[in-house]
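Below you'll find the structure, written out as structure tokens, and then a few comments.
Residue numbers (our numbering): 117 to 223.
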């Protein structure tokens with residue numbers, strides 16, 4: 117669980133300053149208290165100079181089949197940097213943002 121990860125890093129005396137996480141899970145599985153605690157722990161990590169870079173996910177932001185709830189990959193937080201996928205377009209030789217990487221939304 118991501119919250120456990122923040123506790124482990126927070127208790128280290130000399131943690132790595134950059135963390136890269138390449139997986140996530142459905143965000144709706146977490147209650148508000150857990151999400152708020154996760155954000156708080158990330159704030160404490162940032163205050164120590166720790167940067168967390170996380171994959172933005174392959175599914176994008178969406179809604180349930182009825183369009184009544186927002187669904188997102190977790191973790192998602194203003195205290196981490198989300199990074200999308202890119203690839204090298206062989207025709208142009210340029211780096212291009214992959215269409216499979218997700219976007220975001222604000223509450």
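Glycine included, every Cβ here is placed at the ideal spot set by N, Cα and C.
Residue i, DSSP secondary structure in three states
i	result
residue 203	strand
residue 133	coil
residue 121	helix
residue 126	helix
residue 164	coil
Cβ neighbours of residue i in the same chain (closer than 7 Å, five flanking residues each side left out)
i	result
residue 155	193, 195
residue 165	133
residue 311	In the structure as shown, the chain starts at 117 and stops at 223, and residue 311 therefore has no counterpart that could be examined.
Assumed close pair residue i, residue j - CB separation to whole angstroms, cut-off 8 Å
i	j	result
residue 169	residue 199	6 Å
residue 146	residue 190	6 Å
Contacts around residue i, its chain only, beta-carbon distance under 6 Å, and the 5 residues preceding and following it disregarded
i	result
residue 205	212
residue 121	none
residue 141	190
residue 149	none
Paired residues, beta bridge with residue i - DSSP
i	result
residue 158	In DSSP, residue 158 forms no bridge with anything.
residue 171	199
residue 190	141
residue 213	202
Cutoff 8 Å; reference residue i; Cβ partners in own chain excluding five residues on either side
i	result
residue 167	133, 134, 135, 197
residue 153	119
Are at least three pairs of beta-carbons, each pair with one atom in the stretch 207 to 214 and one in the stretch 117 to 137, less than 8 Å apart?
Cβ pair count under 8 Å is below three, so no.
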